[in-house]
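Protein chains in written order, with the numbering used here: chain A, 90 to 356; chain Z, 32 to 279.
Each residue gets a CB set at the ideal place from its N, CA and C atoms; glycine is no exception.
Nothing here was measured: the structure is a model prediction, and the numbers come from that model.
The next block holds one structure in the form of C-alpha cells; read it before the comments.
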Amino acid sequence: MENIIEVKNLLKQFGDFTAVDHISFEVKKGEIFAFLGPNGAGKSTTIKMLTTLLRPTSGTITLDGHNPAGDPEEVRRSFGIVFQDPSLDDELTAKENMEFHGVLYGVPSKLRKQRIEELMKFVELWDRRDSLVKEFSGGMKRRLEIARGLLHHPKVIFLDEPTLGLDPQTRNHMWTYLQDLNKKEGVTVFFTTHYMEEAARIAQRIAIIDHGKIIAAGSAADLTKQTQTASLEEAFLKLTGSEIRDEESSATDRLRNRAKMMGGRRR
Amino acid sequence: MKTIYIMWLRELKRYFRSKSRMIGSLGQPLLFLLALGYGLGSVFQAAGQGNYFQFLVPGIVGMSIIFTAIFSGIQIIWDRQFGFLKETLVAPVSRLNIMIGRTLGGATVATLQGMIVFILAMLFGFRPDNWWLVPVAVVFMLLVALLFTALGTGIASVLEDMQGFQLIMNFLVMPLFFLSGALFPLSGLPSILAGLTIIDPLSYGIDSFRALLVNTTHFGLGVDFTVLVIVTAVFLVVGSYLFSKIEV
Numbered sequence: 090m091e092n093i094i095e096v097k098n099l100l101k102q103f104g105d106f107t108a109v110d111h112i113s114f115e116v117k118k119g120e121i122f123a124f125l126g127p128n129g130a131g132k133s134t135t136i137k138m139l140t141t142l143l144r145p146t147s148g149t150i151t152l153d154g155h156n157p158a159g160d161p162e163e164v165r166r167s168f169g170i171v172f173q174d175p176s177l178d179d180e181l182t183a184k185e186n187m188e189f190h191g192v193l194y195g196v197p198s199k200l201r202k203q204r205i206e207e208l209m210k211f212v213e214l215w216d217r218r219d220s221l222v223k224e225f226s227g228g229m230k231r232r233l234e235i236a237r238g239l240l241h242h243p244k245v246i247f248l249d250e251p252t253l254g255l256d257p258q259t260r261n262h263m264w265t266y267l268q269d270l271n272k273k274e275g276v277t278v279f280f281t282t283h284y285m286e287e288a289a290r291i292a293q294r295i296a297i298i299d300h301g302k303i304i305a306a307g308s309a310a311d312l313t314k315q316t317q318t319a320s321l322e323e324a325f326l327k328l329t330g331s332e333i334r335d336e337e338s339s340a341t342d343r344l345r346n347r348a349k350m351m352g353g354r355r356r
Numbered sequence: 032m033k034t035i036y037i038m039w040l041r042e043l044k045r046y047f048r049s050k051s052r053m054i055g056s057l058g059q060p061l062l063f064l065l066a067l068g069y070g071l072g073s074v075f076q077a078a079g080q081g082n083y084f085q086f087l088v089p090g091i092v093g094m095s096i097i098f099t100a101i102f103s104g105i106q107i108i109w110d111r112q113f114g115f116l117k118e119t120l121v122a123p124v125s126r127l128n129i130m131i132g133r134t135l136g137g138a139t140v141a142t143l144q145g146m147i148v149f150i151l152a153m154l155f156g157f158r159p160d161n162w163w164l165v166p167v168a169v170v171f172m173l174l175v176a177l178l179f180t181a182l183g184t185g186i187a188s189v190l191e192d193m194q195g196f197q198l199i200m201n202f203l204v205m206p207l208f209f210l211s212g213a214l215f216p217l218s219g220l221p222s223i224l225a226g227l228t229i230i231d232p233l234s235y236g237i238d239s240f241r242a243l244l245v246n247t248t249h250f251g252l253g254v255d256f257t258v259l260v261i262v263t264a265v266f267l268v269v270g271s272y273l274f275s276k277i278e279v
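Laid out in C-alpha cells, this is it:
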C-alpha cells in the first residue's frame, strides 16, 4: 500500500526547547493510525506541522504527495481536523458553524445541505441546529466539531484527542462511524488519545512518542509482545515511565482563566 | 469570492446578535456628543467659531468608527484564544481572502455604527449642510473604517494574547482619537500638536466628514481622499502580510 503521510527527520524547536526531535514515520493510505504519548510529548506539535499550522525547523513532510510547508493550500484540501481545543464560533448556531465550514471547503450547496443534515443527525445535534454554540455543553461541542471535520469528506482526518470528555456511548458511536467511513471511503484516520484501550481496539498501527522522539511503533500486539506486557496500557507505561508529566499552561489557558475572572465576559 | 462573503457575513451576524455590544459602544460617543457638545458650545460660540454641536458631530462619528473598527480587527486575538482562528487557517482558501472578508466585515460594522451615531445626532438637532453629500460621506466613513480595521488586524496578527490590548487602547487608539481634531479645530494649534495631527490618519477622515457634512475643511477634500486611500492601501497590504504569517 502507498503511504499517504511520510515524515522524515522532522524537527521543531521553540527557542532552545526541542518539542519534536528528528522523528520519522509513515502512515499508509486507508490506515487507522494512533499517535500516543504522555502530556507534552510532542503529539500536538507534530499534528500542527502536518496540518500546516506550524512550520518545521527542519525535516520533510509529505501529505498526499504535497509538502505542508511549501504548498499549504493543496495540503489543506486533503485533510480534515478535529482539534484538541474547541475551535467553534460560539456566537454562531451549530448549523451556521457547519455551513461556514462547508463554504470554506467548497462543498457544493446541495451536497452541503444533505451532509450537514446527515452528520448532525448522526451526532444527535440536528434538533439543536439553530441553537447558539455558546449554549452547548463541552460534549455537545465536541460532537459538533467531529461532525464538522467530516463534512468535506477528507482523505485524511486528524483527530487530536477527539474523545476527551465524551461519555462511552458517544465515544463508541463516534468510532463506529469513523471505522465505517474508513472502510467504505478509505479515509485515513490519524488520531491521538489518552485512552489506551481505545487505541488498542481501533488503531491498526500505533506510534508512541515521548520527549519528542518516537520510541516504539507497530500494532498493539507488536507493542505488547515487544515489551512483554499484557496490555497496551502496560506497554505504554513501561515504555514511557510512570512519572506524571505536567504541561506548561498555554497562553490560551491563562486567558481562559482571566476571562472566567471577568465573569465570563469573553467578547 | 465565497470565502470573502462568508467571512463578511460572519462579522455581521456577530454584530447584529450582540445587542449589548451594539448599544454599549454607543454610550461613549453619545456622552462625548452631549456633554461636550452642549457643555463647550457657548465657549466655542464666544470664540467666534460658530456652532460647536455641528462641528463636533463629524468628529464623534469618526470616534465611533475608529473604536469599532480597531475592535473588529483585534477580534482576531479572541478568535485565536478561543480556537476559531485555527478553523479558518487550516481551510483550503487563501489567507488573503480570509483577511479581506474579515476586514470588509469589520469595516461594514464600523460604518453602521458611525451611521447610527449620525442618526442619533440628528435627533439631537444636527443638520447636514447638504443632504446630497450624505451618501458620499458614508463612502468616506467606509474608507476610514477599512483603514482602521486593517490596522487592527495587522496589530492583532502579531499579538500573542490580550495582554497588549490595554497598551493599544492607551497608546494608539486614544492618541489617534484625541489628536485627530475630532474635538477641536486644527487651525492655530501649537506647532508640536499641529505636527502630530498631520501624521494622524484619522485627522483626514474627520476632516473629510466635516467637508461633506458641515462644509468646513482644513486640508481640503482632495487631500483627505488621497491620504486616506494611500494609508488604507498600505495598512491592507501590511495587515495581509502579517495575517498570512500567523502560526498557532
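- The C-beta distance from Leu100 (chain A) to Val279 (chain Z) rounds to 19 Å, too long to meet the 8 Å contact threshold.
- For Leu233 (chain A), the closest C-alpha among the options A:Phe211, A:Pro243 and A:Ile246 is that of A:Phe211.
- By alpha-carbon distance to Val140 (chain Z), the top candidate from Z:Val169, Z:Phe113, Z:Leu210 and Z:Asn161 is Z:Val169.
- Cβ-Cβ distances below 6 Å link Thr134 (chain A) to Lys101, Ala108 and Val109 in the same chain, with the five nearest sequence neighbours on each side left out; the list follows chain order.
- Here the segment 276–293 of chain A makes contact with the segment 124–140 of chain A; the two share three or more CB pairs at distances below 8 Å.
- By the criterion of a C-beta distance shorter than 6 Å, Gln293 (chain A) is surrounded in its chain by Glu120 and Ile121, once the five residues flanking it on both sides are discounted.
- For Thr107 (chain A), the three-state secondary structure derived from DSSP is strand.
- The beta carbon of Glu207 (chain A) sits closer than 7 Å to no other beta carbon from its chain once the five residues preceding and following it are set aside.
- Nearest Cα to Ser49 (chain Z) within the set A:Leu221, A:Lys244 and A:Ile291: A:Leu221.
- Inclusion of Met263 (chain A) and Thr252 (chain A) in the CB contact set at 8 Å is warranted, their separation being smaller than that value.
- If you check each beta-carbon in the segment 136–149 of chain A against every beta-carbon of chain Z, the ones closer than 8 Å belong to Lys137, Thr140, Thr141, Leu142, Leu143 and Arg144.
- Within the DSSP bridge table, the entry for Phe122 (chain A) names A:Phe279 and A:Arg294 as partners.
- The segment 202–211 of chain Z and the segment 112–124 of chain Z do not touch, with fewer than 3 CB-CB distances between them shorter than 8 Å.
- Among the CB atoms of chain A, one or more fall inside 8 Å of the CB of Phe115 (chain Z).
- Apart from the 5 residues on each side of it in sequence, Pro145 (chain A) sits with its Cβ closer than 7 Å to the Cβ of Leu99, Leu100, Lys101, Met138 and Ala158 in its chain, given in chain order.
- Note that the C-beta distance between Gly104 (chain Z) and Thr184 (chain Z) is below 8 Å.
- The distance from the Cβ of Phe149 (chain Z) to that of Ala100 (chain Z) is about 16 Å, inconsistent with a contact at the 8 Å cut-off.
- Taking a contact as a CB-CB distance under 8 Å, the pair Gly136 (chain Z) and Leu43 (chain Z) counts as one, their CB atoms being some 6 Å apart.
- Proximity of Thr228 (chain Z) to chain A, defined by a Cβ-Cβ separation below 8 Å, is not satisfied.
- DSSP, read as helix, strand or coil, puts Val212 (chain A) in coil.
- If you check the CB distance, Gln317 (chain A) and Ile291 (chain A) do not come in under 8 Å.
- The beta-carbon of Ser226 (chain A) is placed no less than 8 Å from the nearest beta-carbon of chain Z.
- In this chain, the beta strand (DSSP E) harbouring Thr149 (chain A) covers Ser147 to Leu152.
- Across the set A:Arg260, A:Met187 and A:Glu180, the C-alpha of A:Glu180 shows the shortest separation from the C-alpha of Trp109 (chain Z).
- Interface with chain Z (8 Å Cβ-Cβ cutoff): Asp174 (chain A) is included.
- Val278 (chain A) does not reach chain Z, its nearest Cβ partner there being about 17 Å away, counting only Cβ pairs nearer than 9 Å.
- Sequence-distant Cβ neighbours of Phe325 (chain A) in its own chain, meaning closer than 6 Å and more than five residues away, are Met285.
- In the structure shown, Leu190 (chain Z) falls within a coil segment according to DSSP collapsed to helix, strand and coil.
- If you check the CB distance, Ala309 (chain A) and Leu328 (chain A) do not come in under 8 Å.
- At the C-beta level, Pro159 (chain Z) and Val165 (chain Z) come within 8 Å of one another.
- A Cβ of chain A is located within less than 8 Å of the beta carbon of Val121 (chain Z).
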